[in-house]
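Here the structure is laid out as structure tokens; the discussion comes afterwards.
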Amino acid sequence: MQRIRLAIYYRWRPSGSTYSSVLALIFPATDESIHRAAAALAAGHLVGLPTETVYGVAANAWDAVAVQRIFAAKSRPATNPLIVHVAHIDRLADAIKMPPEPNVQSQLDVIADWWPGPLTVVCPRSHRIPAEVTAGQATVAVRIPSHPVALALLEACDFPLAAPSANRSKYVSPTLAKHLCGPHGIAEHLAMILDGGPCQWGVESTIIQLGGPVPHLLRPGAISLAELADRFGVAPESMLSAGRPVQDHANFSAHDDEAAEYLAPGMMRQHYSPTTTLRLLAPDSQSISQAVGAQRLGRIAFKPISAGEASRYVVVRVLSTHGDLHEVAHELFAALRELDESGLDVIECDTCEPVELGLAIMDRLHRAASKM
Ligand code: TXA
Ligand code: MG
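Written out as structure tokens, the structure is:
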């Protein structure tokens with residue numbers, strides 16, 4: 003019965019890729035739509051799903067063919083591994099090697115109460131995870147998301163979900179369901195999109211590699227380096243590559259990866275980039291740029307700016323009334339997308355100190371401003 007309903011559903015699916023037709027793929031998250039999404043995933047299709055960080059594009063992580071569809075949909079290099087999502091700590095065995103090595107287990111015990119939540123760990127993989135997910139590596143990245151729709155979908159599946167952010171490779175991550183349908187969307191590759199509203203954090207999960215004497219920070223994110231270092235009882239610097247001060251990690255992409263395509267797998271120098279040139283402004287400085295000729299400037303401000311300053315811009319987006327970095331992170335990707343579609347020549351964007359959530363924000367902004 004379920005199979006017949008799905009077959010009808012796919013036949014009715016809009017085949018064109020116009021904005022209005024792909025918008026029809028967005029379903030409010032209900033018990034029925036979540037079960038329909040689980041059935042689509044079981045049949046090897048891709049589903050757009052909300053998480054508390056950003057929207058993801060999910061496939062059955064045990065199905066190598068379905069996983070390859072993710073790489074095709076995103077134009078993602080096969081060398082860039084995916085994050086696997088599980089519903090509960092008891093289902094970690096669906097993704098990671100069991101039993102874990104003692105030092106991996108003790109580090110898992112330290113972070114366990116951050117789950118469900120925006121923390122991803124990298125550790126040895128289960129043999130059930132195909133090489134396509136991990137880009138052939140012996141390790142897998144895994145997390146338990148806290149968004150209720152993501153959790154409900156995971157509960158409805160008897161397999162884990164591989165789910166990278168649902169943007170085309172290198173473009174800005176989506177934080178609203180409609181972002182999956184825009185000109186930079188991947189909706190034509192999806193069976194459906196579950197709408198769970200705006201993502202709570204707006205930046206991706208923090209990624210740490212387990213197993214060493216101290217866990218290693220691979221990507222700054224919603225959980226701060228300071229919180230992690232405090233929890234593990236170590237200095238923040240000890241969780242970074244040897245010999246580099248914390249501030250340098252505001253630009254994870256800025257060091258010696260000239261020759262290599264990746265810093266770590268997937269840590270691409272250019273990422274999260276709007277098509278429009280992005281110019282970063284020094285913290286708390288006013289823009290000193292002058293529009294050249296008929297240049298159209300846009301501005302993303304972390305807090306209100308004066309009317310005089312605003313007059314230099316065609317469009318201004320203020321992300322927070324008082325520079326609150328949670329509000330900034332929550333709005334940032336949507337603002338980058340919106341201004342990218344405003345026909346501007348340059349987007350100027352505020353910056354912040356690379357501490358706490360500011361480290362993740364500045365990491366994303368440096369990548370977004372980087373043109374290869
Ligand atoms: O918040 C998030 O983490 C979102 C939501 C959808 O869960 N997902 C996300 O996935 O940001 P993605 O694919 O956009 O970023 C995953 C990052 C990549 O930089 C990838 O290289 C890294 O995780 N990664 C995955 N597996 C890894 C591994 N085994 N070792 C090192 N890095 C890994
Ligand atoms: Mg991504």
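In our numbering, the protein residues as written are 3 to 374. All C-beta atoms in this analysis are idealised placements derived from N, C-alpha and C, irrespective of residue type, glycine included.
Note that the C-beta distance between residue 217 and residue 208 is not below 8 Å. Residue 104 is classed as exposed because its beta carbon has fewer than 16 other beta carbons within 10 Å across all chains shown. Within 7 Å of the C-beta of residue 206 there is at least one heavy atom belonging to the ligand MG.
At least one heavy atom of the ligand TXA is found less than 7 Å from the C-beta of residue 143.
Residues 200 and 336 of the same chain have their beta carbon placed closer than 7 Å to that of residue 178, with the five preceding and five following residues left out of the count. Minimum Cα-Cα distance from residue 192 among the listed residues 51, 338 and 33 corresponds to 51. Straight-line measurement puts the Cα of residue 93 at about 44 Å from the Cα of residue 349.
Per DSSP, the unbroken alpha helix (DSSP H) holding residue 151 starts and ends at 150 to 158. Taken atom to atom, the span from the alpha-carbon of residue 347 to that of residue 297 is near 6 Å. Residue environment analysis places residue 91 among the exposed positions, since fewer than 16 neighbouring C-beta atoms fall within 10 angstroms of its C-beta. Looking from the CA of residue 115, the closest CA among 233, 299, 368 and 281 belongs to 233. In this structure residue 163 is in contact with residue 60, their Cβ atoms being roughly 4 Å apart against a cut-off of 8 Å.
Residue 369 places its beta carbon 8 Å or farther from that of residue 340. Taken atom to atom, the span from the alpha-carbon of residue 280 to that of residue 95 is near 42 Å. Per the DSSP secondary-structure output, residue 201 pairs with nothing in a beta bridge. Of the residues assessed, residue 67 falls on the exposed side of the cut-off, its CB having fewer than 16 other CB atoms within 10 angstroms. Beta-bridge partners of residue 87 (DSSP): 145 and 163.
Within its own chain, the residues whose Cβ lies closer than 7 Å to the Cβ of residue 231, once the five positions on either side in sequence are excluded, are 237, 238 and 241, listed in chain order. Take residue 180, set aside five residues on each side of it, and the residues of its chain with a beta-carbon closer than 8 Å to its own are 25 and 28, in chain order. Under a 10 Å Cβ-count criterion, residue 134 is classified as buried, with 16 or more other Cβ atoms of the shown protein chains found around its own Cβ. At least one heavy atom of the ligand TXA lies less than 7 Å from the C-beta of residue 120.
Taking the CA atoms as reference points, residue 316 sits about 44 Å from residue 42. Between the ligand MG and residue 147, a heavy atom-to-CB distance of less than 7 Å is absent.
When distances are taken from the beta-carbon of residue 85 to the heavy atoms of the ligand TXA, the shortest one is below 7 Å. With contacts defined as CB atoms closer than 8 Å, residue 76 and residue 171 qualify as a contacting pair. Closest in alpha carbon position to residue 82, among 326, 153, 355 and 142, is 142.
Taking C-beta separations shorter than 8 Å and ignoring five residues to either side along the sequence, the partners of residue 300 in its chain run 278, 315, 316, 317, 318, 319, 341, 344, 346, 348, 349 and 350, following chain order.
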